[in-house]
Each structure stands twice: as structure tokens, then as C-alpha cells.
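J.: Before I ask anything, here is the structure I am working with.
There are 2 protein chains.
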Amino acid sequence: MSDSPARVLDALRRAGDASRSGQDVSGQLGVSRAQVWKHVEALRARGYRIAGAPGGGYRLLDAPDRLYPEEIQNGLATRWLGRIVHWLEETDSTNRVALDLARSGAAHGTAVVAEGQTAGRGRLGRSFHSPPFCNLYTSIVLRPTLSTAEAPTAILAAALAVADSVAGELGDGERVAIKWPNDVLVDGRKTSGILVELGAEATRVAFLVLGIGVNLNVDPASFPEEFRSRATSLAAATGRTIDRAAFTRSLYGTLERVLDAHARDGFDAIRPGFEARFRMRGQAVRVTDLGGAEIDGRVSGIDADGALLLETADGRRERVVAGDVTLAKDGDAA
Amino acid sequence: MSDSPARVLDALRRAGDASRSGQDVSGQLGVSRAQVWKHVEALRARGYRIAGAPGGGYRLLDAPDRLYPEEIQNGLATRWLGRIVHWLEETDSTNRVALDLARSGAAHGTAVVAEGQTAGRGRLGRSFHSPPFCNLYTSIVLRPTLSTAEAPTAILAAALAVADSVAGELGDGERVAIKWPNDVLVDGRKTSGILVELGAEATRVAFLVLGIGVNLNVDPASFPEEFRSRATSLAAATGRTIDRAAFTRSLYGTLERVLDAHARDGFDAIRPGFEARFRMRGQAVRVTDLGGAEIDGRVSGIDADGALLLETADGRRERVVAGDVTLAKDGDAA
């Protein structure tokens, strides 16, 4: 949306339940009354219900359930994250769009939001199921001062921010856990996927793109069969409809705080928060490394650099910096 | 060049100093004699001197000083590196081209070669001076199984391969040194620039692009004044013209060997070779880290993960994983 309809919307929002005359709005924004009318029509075309007619007063009745920039930014309390939002009704992958923006020089904190993804991407080349108009799919361009070696901890920072936002929505942190490195679980079921992609010189990160998908209002019964027993949504977990724009604002605020701390002091800064949501200690797991080799062991903790620590059945200590972790039914491993 | 002129060229090369009749070549390649003539004309247009006329015999007199794929691949003894070469007379940056190819799915080992670069890139956002038709500017697409944390060692592997190839051309390894992480020096002067860029998930490298520029036949007197005292070319160092295609073949062969070893066993595999060319031990240096902070110290070695080890004047041990290293005149630092 061009700037002016957003300004008309803002003027109507500020009036609350009261009507504002077209003359008023026209005077405040410095545009003609005919233009105010045009902008009101543009807002209506996007799903805003606005009472009133040209010459009379206008009143905002209802905003559509869309993650438009003006919805997300309405009350957004961040300094740099989401100050620019690119909204797409549908795209292949918000990470793909954000990577293109990053390569073209997009600013730190630029966000992409799509109502649906046709080819949502997950870690390790997997796909991310992305039904339209019910969840959050967002990707953020970051330009941190970060060495390539530290990049893996960015995904842990993102997982922490998502977990904290989900806990806030649930009002019950005990139900929320992080499965290393990046899955956020509610009652043991996956609610969120995170994918960090980056462009770098060998030793220096040029940009990061942080992709986050959160199951908000999707009906878990609609999941593909192979995920159904292992995934849920916040609506299913709370029994109420989630305000998607409000959740997005909360997530952006938490993310900005966590990422600022991470930029200042690295993984150390977020480690206590991460440990508090990390419930894998003692759990039997199977790790498949990048080369395809498997290690069975029991989780003994998180290392200072964010690596997962395992103890194998024969007492060896293994560090996992990258790879895929499967929870074993207890007794299967270690 | 389309495939067929390259096959005609190959047939003429195999004949050595002998003439081959158009009928012979036509029969061997399964194309008409008129087409053979057309391909000979195409080769001549690219600078190949070929004696002969339609109806008579053809003989290759001379190949142009160009890094055409058919020049580089003529005798190339690699399995995967440079089996596909994209040649460009001029481009902004071979790394930019190779990054685009990598994103479009180009195979492991795909090479880009340009005769000149208008915006050659160096490390840390610097430019790389790239005059046309005299040097080597090449970028290779790699798809290694590599964690992001290990990516910094790829630049050390590349530096080692370039140093070994330069030493081979000079016939005197004592004159060749590596300035950590990526400069190859001859008699203390820079002859090569290396830039590794990559696309990755947080923990897993998706692709690497290895950009290498080597000063082969450029006249050091033509360098911009600020480099003149610190840079040289292999021609200046040897007093003879370097066969650019032969050097490129040798470099590709050495690179493939070093990269295969690196893929198998990580930095460990190349560490002895790297240490042999690493002459910085005891040297006073100033390191500027990614955040702009400076550390003065004396180089004490290379760590197991390829990091530079420093000892500061007050006896602290510092590890440098990323940053810019300036050699201090002895006495300036540490």
C-alpha cells in the first residue's frame, strides 16, 4: 500500500469509536478530500470495514485478518526490526524473497511477511507446510557484525525468541520447550520452524536471513498425515483464536531484544534463557551428522558455543555443531 | 563456443604439426565438410591461427593467449574441478557470476574465468585490481559437506593451493609465503588475492564460491601507486612470460587435490602444507577485528582450527578467527 492510505488508516484508528470528518482528515494529512475518499476506498478494497461516505464522517469498524505492514506496525515497539515490512499475499518462500532483498542491500531489520508459502523451506533442505491466511511466515534481514564461526548460534537466539513469544501467548512457560537447535515445542509438539540462511565471506557474515514460521490458527487436523501427531498450533493449544498481528508484534519485540543481546555478548548473553527452555538433558537421541553418520547418545547439555553435548553408551563425550537430532523413545539409545 | 568448433580444434591439436584434410575431420566428427569450414572460421574469429582452405588440409599454427575453456581443458588432469568452464571476456566480478550460478544449481567444480574484471572484489569489501588479458581471474563453485563453523578453513586451503602452484611456476618454494589467512606473497610481495563467499543455513554450508586472482603477466609498474611497492607478478618474479592456460591447469589440479583432502579430513589434512608456507611466526602484527578493535601482538602460530595465534606484550594469548592483519615493522608491536 502506498503511504497515504496507511496515514488515513492511522488517522481513523486514532479517532477510536468516534467518526472523523473527511475535512478533518484532509486538513491533517494535507491532501484533498477527494484523495481521502480514494484512500478510504483503497482501504476498503483491502478488507477494512469503514463506515461513512464522501462529504460525511468516516469511522473504522473493523480491520481484516491480514498481516499488512500497517497492522503489524500499529503499536510495534521496536527500534529497527520490522520498521520496513514487505507484505505478500502468497510467495514461494519468504526466505527466498528476503535473501534477494539482502543481496540488493536491504537494511538491517527489513521484514518479509507472506499470508501463505507455496514452497516454504525448512532446515536441511526440508519443506515447511505453509497453509494460507492462518499462520505467521516471516523472514528478517539481519546485518550483524558476526564471524562465520559464530553464525550457528543465531539460530539458537531465534529459537529462544520464538519460544518466549509462544510462552507469552500461552501464559504458561512450562508447556514450551526448545528442541535443539531450532524447534519450538508446545506440550512436546512442534509449533514453529526456523531457518537461518546467510551470505558470507569465509570468515565474516555479510547478511543473515532469519526465517520463522509459527502455527497460529491452523487446524492441526489439516496437517499432512506424517506431521499430524507431532505438530500443533497455538489456537489448538489455547482453545482460542490468536491475534496474528499482535503475536507478530510481540515476536518482533522479543526478537529485537534477544538479537541485540546476542550481537553484544554472543551466545553467553542468551544462554541462561536458552537453558531455561532446553528440556533435553538426559534424553536419549540419535544425531545424524552432515555426512550422514549417526551417533546415539544421551544429551548432557549445551556447550559454551551452543553445540549440543552428548554422552555415548561407551562413555565418550560428543559435540554436535550441526546435524539432525531425533528423540529416541527412552531405552532406544545411549 | 559451441561444442563443435572445440571438437575441430581438438582434432587439429591431435594432428600436431601435420595437416589434416577437411574430409578426415568431417568423417571423424560426423559433420559435413562445409560445417568443418564454418567451425575453422569460428576458431579463426576467436584468434586461432589455422593454415588451410576449404577442400584442402588444415593445420593449427597458433592458439591465442586467451583462457578459453578449450585452452584450459586441453590436458587438464582433474576429475571435477573445471570440467565446466564459463569464459567471459569481461565481467564485473567472477565471484558475482559464480554466486549466481551456484544459486541456480551449478555443479560442484563449475569454474568461471574472465579476462578482466571491472569490479573485482577482495576480502572485507575491498576491490581487487584486475587489468585485462594478462592475469588469471577465476571463481569456482563448490558444494562441500561442511559445517558453517568449518567454512573459514576453506580460505586457508585455497591459499595453500595457490601458494603451491606459484612455487611450482617459480621452481623455488623458498620465495613463496602465505600471509594469514589468504595472501600469497613472492619475495614478500602480494601476487594473489583470494575471496571465499558462501551461502549457508545457520549450521550447514550450501555452497562456497572460491575466487582467485593471480598476477601473472601484469607489469607491476602499471599497478595503482598505493600497491606498487607491495605487489608483484609471476612474470616480474621470474623474468619470463607465464603461460596463463598452463598455470590455470596446474592451479586447478593442485586445488582439486587440496580441496579433496580438506573435504576428507578438514584443516588437519592441509595443516602441514600450510605450516610449511606460513612464515609469520615471531612477526609483530596488528589485527583489526570485525568490530574494528585492534590487537597488537607477535604471531605464535596457527591453532588446530586454523585461527591465528598471537601473544600480546603483556603475555596474553589471543586467537584471531576473522579480521585484518597488518605486518608491523619490527619493534612497532608486541
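Chains A and B, in that order, are what the protein sequence lines are.
Heads up, the first sequence is in our numbering, so the first residue is 1 and it goes up one at a time.
Heads up, the second sequence is in our numbering, so the first residue is 1 and it goes up one at a time.
From the three backbone atoms N, C-alpha and C, an ideal C-beta is built for every residue, glycine too.
Could you tell me the distance, in whole angstroms, from the CA atom of B/Thr191 to the CA atom of A/Glu70?
T.: Spanning the two alpha carbons is a distance of roughly 54 Å.
J.: Name the two residues that bound the continuous beta strand (DSSP E) containing B/Ile50.
T.: Element bounds for B/Ile50: Arg49 to Ala51.
J.: For B/Leu290, go through chain A and note every residue whose CB falls closer than 7 Å to its CB, in chain order.
T.: Under the 7 Å cutoff, chain A gives Thr145, Ser147 and Arg204.
J.: Shortest alpha-carbon distance to B/Thr138 belongs to which of B/Ala15, B/Ala42, B/Arg316 and B/Gly82?
T.: Out of B/Ala15, B/Ala42, B/Arg316 and B/Gly82, B/Gly82 has the C-alpha closest to the C-alpha of B/Thr138.
J.: Determine whether the beta carbon atoms of A/Leu142 and A/Phe274 lie at a separation below 8 Å.
T.: No; because the gap between Cβ atoms is not below 8 Å, this pair is not in contact.
J.: What did DSSP end up calling B/Gln117 once you bin it into helix, strand or coil?
T.: Three-state DSSP puts B/Gln117 in a strand.
J.: Comparing alpha-carbon positions, which option in B/Gly213, B/Ser229 and B/Leu198 lies nearest B/Pro220?
T.: For the residues B/Gly213, B/Ser229 and B/Leu198, the minimum Cα distance to B/Pro220 belongs to B/Ser229.
J.: Where do the N-terminal and C-terminal ends of the alpha helix (DSSP H) with A/Glu226 fall, by residue?
T.: Per DSSP, A/Glu226 belongs to the alpha helix (DSSP H) from Glu225 to Arg228.
J.: Over what stretch of residues does the alpha helix (DSSP H) that includes A/Val25 continue unbroken?
T.: Its alpha helix (DSSP H) spans residues Gly22 to Leu29.
J.: Take B/Gly22 as the anchor and find which of B/Ser32, B/Ala313, B/Thr248 and B/Ala45 has the nearest alpha-carbon.
T.: When only C-alpha atoms are compared, the closest one is B/Ser32.
J.: If we ignore side chains and look at the alpha-carbon of each, how far apart do B/Asp17 and A/Gly323 end up?
T.: Going by the C-alpha atoms only, they are around 57 Å apart.
J.: How many angstroms separate the CA atom of A/Arg14 from the CA atom of A/Arg7?
T.: Cα-Cα distance, rounded: 11 Å.
J.: According to a CB-to-CB cut-off of less than 7 Å, which residues of the region 184–213 of chain A neighbour chain B?
T.: Per Cβ criterion, the list reads Leu195, Val196, Glu197, Leu198, Gly199, Ala200, Glu201, Ala202, Thr203 and Arg204.
J.: Find the residues of chain B that neighbour A/Ile155, judging by a C-beta separation of less than 9 Å, and give them in chain order.
T.: Neighbours of A/Ile155 on chain B, chain order: Glu201, Ala202 and Thr203.
J.: Under a three-way DSSP split, which group does A/Arg286 fall into?
T.: Reduced to three states, the DSSP call for A/Arg286 is strand.
J.: Use the C-beta contact count for A/Ser127: other C-beta atoms within 10 angstroms, 16 or more gives buried, fewer gives exposed.
T.: Exposed, by the Cβ-count rule.
J.: Determine, using beta carbons only, whether B/Ser250 and B/Gly168 come nearer to each other than 8 Å.
T.: In this structure, B/Gly168 lies closer than 8 Å to B/Ser250 by Cβ.
J.: Considering only C-alpha positions, which residue in the set B/Asn95, B/Asp65 and B/Arg286 is nearest to B/Val112?
T.: That would be B/Asn95, whose Cα lies nearest to the Cα of B/Val112.
J.: Tell me, which residues are paired with A/Asp183 by DSSP?
T.: Partner(s): A/Lys179.
J.: Determine the DSSP secondary structure at B/Asp62, reduced to helix, strand or coil.
T.: Three-state DSSP puts B/Asp62 in a strand.
J.: Ignoring anything shorter than 4 residues or poking outside the region 141–178 of chain B, list the alpha helix (DSSP H) runs there in chain order.
T.: Runs of the alpha helix (DSSP H) inside the region 141–178 of chain B: 152–170.
J.: Once DSSP output is grouped into helix, strand and coil, what is the label at A/Ala245?
T.: Three-state result, A/Ala245: helix.
J.: Can you name the start and end residues of the beta strand (DSSP E) that A/His108 belongs to?
T.: Element bounds for A/His108: n/a, residue is neither H nor E.
J.: Would you please verify whether the beta carbon of A/Arg123 is less than 8 Å from any beta carbon of chain B?
T.: At least one chain B Cβ lies under 8 Å of A/Arg123.
J.: List the endpoints of the continuous alpha helix (DSSP H) containing A/Glu41.
T.: Where A/Glu41 is concerned, the enclosing alpha helix (DSSP H) stretches over Arg33 to Ala45.
J.: Alpha carbons only, please: which of B/Ile295, B/Leu12 and B/Thr238 is nearest the one belonging to B/Arg316?
T.: Comparing Cα-Cα distances from B/Arg316 to each of B/Ile295, B/Leu12 and B/Thr238, the minimum goes to B/Ile295.
J.: For a contact meaning CB atoms closer than 7 Å, what does B/Val321 contact in chain A?
T.: Ser147, Ala149 and Thr203, listed in chain order.
J.: Of the residues A/Gln28, A/Gly27, A/Val162 and A/Leu146, which one's Cα is nearest the Cα of A/Gly253?
T.: Of A/Gln28, A/Gly27, A/Val162 and A/Leu146, the residue nearest in Cα terms is A/Val162.
J.: Taking Cβ-Cβ distances shorter than 7 Å, what residues in chain A pair up with B/Pro152?
T.: Here the neighbours are Thr148, Ala149, Ala202 and Thr203.
J.: Nearest-angstrom Cα distance between B/Asp289 and B/Arg121?
T.: So the alpha carbons of these two residues sit roughly 20 Å apart.
J.: Answer with yes or no whether the minimum CB distance from B/Pro181 to chain A is below 8 Å.
T.: At least one chain A Cβ lies under 8 Å of B/Pro181.
J.: Compare the C-alpha of B/Pro224 against each of B/Thr110, B/Arg257, B/Trp87 and B/Ser130 and name the closest.
T.: Answer by Cα proximity: B/Ser130.
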